[in-house]
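Report on the structure given below.
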Amino acid sequence: MAVIHIVGLGPGDKTGLPMGTYQLLKSGLPVVLRTCFHPVVAQLESEGLTYTSFDHLYENGEAFEEIYAAMANALVTQAKANGDLIYAVPGHPLVAEQSVQNLLQAEIPGVEVNIGPGQSFLDVTAARLRIDPIDGLLLLDGTSLTDAALNAHVHTLIAQVYQTSIAAEVKLTLMEVYPDDYEITVLRAVAVEGQERIVQIPLYELDRLDWIDHLTTVYVPPLQSREQLVRDPWQAVQIVRDLRAPDGCPWDREQTHESLRKYVLEEAYEVASAIDEQDWDHLCEELGDLLLQVLLHAQIAEEYGEFTVRDVFSELSTKLIRRHPHVFASSVATDVTDANALWDAVKRAEKEEEAESPSLMAGVKMAGPALMVAADVQKAAAKVGFDFKQVKDVLEKIKEEMNELEAELATQPHQRAVEEELGDLLFSCVNLARFFKCDAEALLMQATRKFTARFEQVEMQVKSSGKNWGAFTSEALDVLWNQAKIALMRKN
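Note that the sequence shown covers residues 1 to 492 in UniProt numbering.
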């Protein structure tokens, strides 16, 4: 069986070359280099080392994935044809070496892959920076960097920043999380005598360096302050956790799922209003307020062992994947109509799993403005004849509910009983609105706006009198109210 011995050339010159690697390179076996552009290669050449390299693949290839796959294939072909060989890569064979990973993942009959010694650039880089990786170290590839991969709480090293265009992309990605002027460290040719260069610069200057090459690494230290971490989504989670802590905010600590309910609705309406205004800065702010409600509920749930914010993310992601089979599975949707049909089909399947014989109310969406939901429930019941026959019957029901409310108030009123009777009265009023084919939500908003306009008229009268509100009796305020009604009626 042929053996491919994979060894690392270390991070710099021959002083960093592991003895085992040096001895193997001197063994006489054929040597293949991933690249000859490495400080130790010239030194080994002076000692008589001969080799071939894959540098021609970089010159002719279009994508790194294809280049590294071609390297692995070429090594296997050579090993099968000629027997044992040495494949030497910069640094350590198992650090940032995709061609090595391709070899390890492939099933190669008749060829064994042996990982030999090597020293990673991580060791000397950590020594130069005087950081301890145990505090948390993230190693990322600059050629495929995304802001989702960043973790501003730990030390971050970005390798493969081998040209200015990549440095520019790395800079822009980092600016999604870090302040533009955040101090970073750029290291070049670490551990190569006479060539090593280490500078600290503000992030925005990263792509202005004129000496970036294949030996360049970027170090980003962890952010320390809350003010710096504000663009990190998990910082918001932690802030809410701190607000709910024993030494946090008294108001936040007192909140429950029930007490926050009205704020969820309020913030959702604020989002809708910002959209209507087409004020995108305002929309950004209101979306943050709505997200706060999500985080508060998740934190409260975590404290009571109900669920965590990760469960919320999990439920959302799972649902999105399940309801988009045309994106994440084999279904096909050529337009919006097809996509909606697939979405509805998945929802129906979910409902069938939840209940073998769904209720007539199963199709009513209970999430929404209360008046609108009440109307939808009444319409669903009316489809099977469970409804009032005429307006007179609805009016009688309203009177009945009003009488029950009066009776409750006539005794020692219990808060919950009063709330129940008020709810019944409102539900009956929605029925009357439905009989007249009116939108109860719109009617209430119209009445609210009318009250607001009249109240503002009364307020103007009070201010113009030079007196305060306490100087007016109820009867006097009623006079002002009627005057406001007349004034607005004439205006309209």
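Note that CB positions come from ideal geometry on N, CA and C, so glycine has one too.
Please read all numbers here as calculations on a predicted model, not as lab measurements.
| message | Need the endpoints of the alpha helix (DSSP H) that Leu229 sits in, please. | response | By 1-based counting over the sequence shown, the position of residue 229 is 229. Careful: Leu229 lies outside any alpha helix (DSSP H) and carries neither H nor E.
| said: I'd like to know whether the C-beta atoms of Arg231 and Val190 end up nearer to each other than 8 angstroms. | reply: Stepping through the sequence shown from its first residue, residue 231 is reached at position 231. Stepping through the sequence shown from its first residue, residue 190 is reached at position 190. Taking 8 angstroms as the cut-off, the beta carbon of Arg231 is found no closer than this to the beta carbon of Val190.
| task | Using a threshold of 8 angstroms, state whether the C-beta atoms of Val32 and Tyr87 are closer than that. | result | Locating residue 32 in the sequence shown gives position 32, counting from the first residue. Locating residue 87 in the sequence shown gives position 87, counting from the first residue. Closer than 8 angstroms, so yes.
| field | Candidates Leu49, Ala149, Ala69: closest to Ala106 by CA position | value | Taking the first residue of the sequence shown as 1, we reach residue 106 at position 106. Selected option, being the one with the closest Cα: Ala69.
| Stretch-stretch touch, CB-based, cutoff 8 angstroms, three pairs: the stretch 448 to 457 with the stretch 386 to 406 | no
| Can the beta-carbon of Val218 be found closer than 8 angstroms to that of Val199? | Here residue 218 refers to the residue found at position 218 of the sequence shown. Here residue 199 refers to the residue found at position 199 of the sequence shown. Contact: no.
| said: Buried or exposed, going by whether 16 or more other CB atoms sit within 10 Å of the CB of Leu316? | reply: Here residue 316 corresponds to residue number 316 of the sequence shown, with the count starting at 1. The residue in question, Leu316, is exposed, as its Cβ has fewer than 16 Cβ neighbours within 10 Å.
| Outcome for Arg348 when other beta-carbon atoms lying within 10 angstroms are tallied against a minimum of 16 | The residue labelled residue 348 in the question sits at position 348 within the sequence shown. So Arg348 counts as exposed.
| Selected residue, minimal CA-CA separation from Val154, among Tyr22, Arg323, Glu350, Gln224 | Within the sequence shown, numbered from 1, the residue matching residue 154 stands at position 154. Answer by Cα proximity: Gln224.
| query | For Leu150, which of helix, strand or coil comes out of DSSP? | reply | Translated into positions along the sequence shown, residue 150 becomes position 150. Correct three-state label for Leu150: coil.
| said: Quick check on His92: does DSSP put it in helix, strand or coil? | reply: Within the sequence shown, numbered from 1, the residue matching residue 92 stands at position 92. Coil at His92, not helix or strand.
| task | Can you give me the Cβ contacts of Ala268 inside the same chain, cut-off strictly under 7 angstroms, excluding the 5 residues immediately before and after it? | result | On the sequence shown, residue 268 is found 268 positions in, with the first residue counted as 1. Correct list, in chain order: Leu290.
| said: Please report the distance separating the alpha-carbon of residue 496 from that of Ser53. | reply: Since the first and last residues shown for the chain are 1 and 492, residue 496 lies out of range.
| query | Can you give the Cα-Cα distance for Ser428 and Asp279, rounded to whole angstroms? | reply | The residue labelled residue 428 in the question sits at position 428 within the sequence shown. The residue labelled residue 279 in the question sits at position 279 within the sequence shown. Distance between the alpha carbons of Ser428 and Asp279 is about 38 angstroms.
| request: With a threshold of 7 angstroms, establish whether the CB of Thr156 neighbours any heavy atom of the ligand PLP. | output: For the structure depicted, the ligand PLP is absent and the ligand set is empty, with no information on it obtainable.
| task | Give the range of the alpha helix (DSSP H) segment to which Gly288 is assigned. | result | Translated into positions along the sequence shown, residue 288 becomes position 288. Per DSSP, Gly288 belongs to the alpha helix (DSSP H) from 280 to 303.
| request: Kindly indicate if chain D contains any beta-carbon less than 8 angstroms away from that of Trp280. | output: This model lacks chain D altogether; it includes just one protein chain.
| request: Evaluate Lys171 with the Cβ neighbour count: other Cβ atoms within 10 Å of its Cβ, from every protein chain shown; 16 or more gives buried, anything less gives exposed. | output: By 1-based counting over the sequence shown, the position of residue 171 is 171. By the 10 Å Cβ count, Lys171 comes out buried.
| request: Confirm, please, whether the CB-CB distance from Pro222 to Ala126 is below 8 angstroms. | output: The count along the sequence shown starts at 1 and reaches residue 126 at position 126. The count along the sequence shown starts at 1 and reaches residue 222 at position 222. No, the pair does not count as a contact, with Cβ atoms beyond the cut-off.
| So, are the CB atoms of Leu405 and Leu422 less than 8 angstroms apart? | Position 405 of the sequence shown, counted from the first residue, corresponds to residue 405. Position 422 of the sequence shown, counted from the first residue, corresponds to residue 422. Note that the C-beta distance between Leu405 and Leu422 is below 8 angstroms.
| message | So the candidates are Asp281, Arg241, Gln163, Val327; which of them puts its Cα closest to the Cα of Leu296? | response | In the sequence shown, residue 296 corresponds to position 296, counting from 1. The option with the nearest alpha carbon to Leu296 is Arg241.
| What three-state label does DSSP hand Glu112 in the structure shown? | The residue given as residue 112 occupies position 112 in the sequence shown. Three-state result, Glu112: strand.
| query | Three-state secondary structure (DSSP) at Glu97? | reply | Here residue 97 refers to the residue found at position 97 of the sequence shown. Coil, per DSSP.
| field | Euclidean distance between Cα positions of Phe64 and Ala298 | value | One-based indexing of the sequence shown puts residue 64 at position 64. One-based indexing of the sequence shown puts residue 298 at position 298. So the two alpha carbons sit approximately 42 angstroms from each other.
| field | Pro90 classed as buried or exposed, judged by whether at least 16 other C-beta atoms fall within 10 angstroms | value | As a working note, residue 90 is residue 90 in the sequence shown. By the neighbour-count criterion, in which 16 or more other beta carbons inside 10 Å mark a residue as buried, Pro90 falls on the buried side.
| request: State whether the stretch 14 to 25 contacts the stretch 94 to 109, with contact taken as three or more CB pairs (one from each stretch) at a distance under 8 angstroms. | output: no
| task | Go to Glu193, then tell me how far its beta strand (DSSP E) extends in each direction, as first and last residue. | result | Counted from its first residue, the sequence shown places residue 193 at position 193. Counting along the chain, Glu193 falls outside any beta strand (DSSP E), and DSSP gives it neither H nor E.
| field | Limits of the unbroken alpha helix (DSSP H) element including Ala433 | value | The sequence position of residue 433 within the sequence shown is 433, counting from 1. From DSSP, the alpha helix (DSSP H) with Ala433 extends over 415 to 435.
| Tell me which same chain residues have a C-beta within less than 6 angstroms of the C-beta of Gly248, skipping the five on either side of it? | Reading the sequence shown from its first residue, position 248 is the one you call residue 248. Excluding sequence neighbours, Gly248 sits near Asp242.
| task | Under 7 angstroms Cβ to Cβ from Arg322, same chain only, skipping five residues before and after it: list those, please. | result | As a first step, residue 322 is located in the sequence shown; it is residue number 322 there, counting from the start. Only Val346 meet the Cβ criterion.
| said: Rounded to whole angstroms, what is the Cα-Cα separation between Glu227 and Leu480? | reply: Your numbering for residue 227 matches position 227 in the sequence shown. Your numbering for residue 480 matches position 480 in the sequence shown. Each residue's Cα considered, the two are about 52 angstroms apart.
| Integer-rounded CB distance, given that Leu24 should sit under 8 angstroms from Val7 | For the purposes of this step, residue 7 is taken as residue 7 along the sequence shown, with counting starting at 1. For the purposes of this step, residue 24 is taken as residue 24 along the sequence shown, with counting starting at 1. Contact flag correct, Cβ pair sits at about 6 angstroms.
| said: Short of 7 angstroms in beta carbon distance, which residues of its chain neighbour Ala333, apart from the five on each side in sequence? Order them along the chain. | reply: In the sequence shown, the residue the question calls residue 333 occupies position 333. His326, Ala339, Leu342, listed in sequence order.
| Hey, how far is the Cα of Glu266 from the Cα of Asp439? | On the sequence shown, residue 266 is found 266 positions in, with the first residue counted as 1. On the sequence shown, residue 439 is found 439 positions in, with the first residue counted as 1. The alpha-carbon atoms of Glu266 and Asp439 are separated by roughly 20 angstroms.
| query | Is the stretch 243 to 262 touching the stretch 201 to 217 in the sense that three or more CB pairs, one from each, lie closer than 8 angstroms? | reply | no
| field | Close-in-space but distant-in-sequence residues of the same chain around Asp141 (CB under 6 angstroms, 5 per side omitted) | value | As a first step, residue 141 is located in the sequence shown; it is residue number 141 there, counting from the start. Cβ neighbours of Asp141 beyond the five flanking positions: Gln160.
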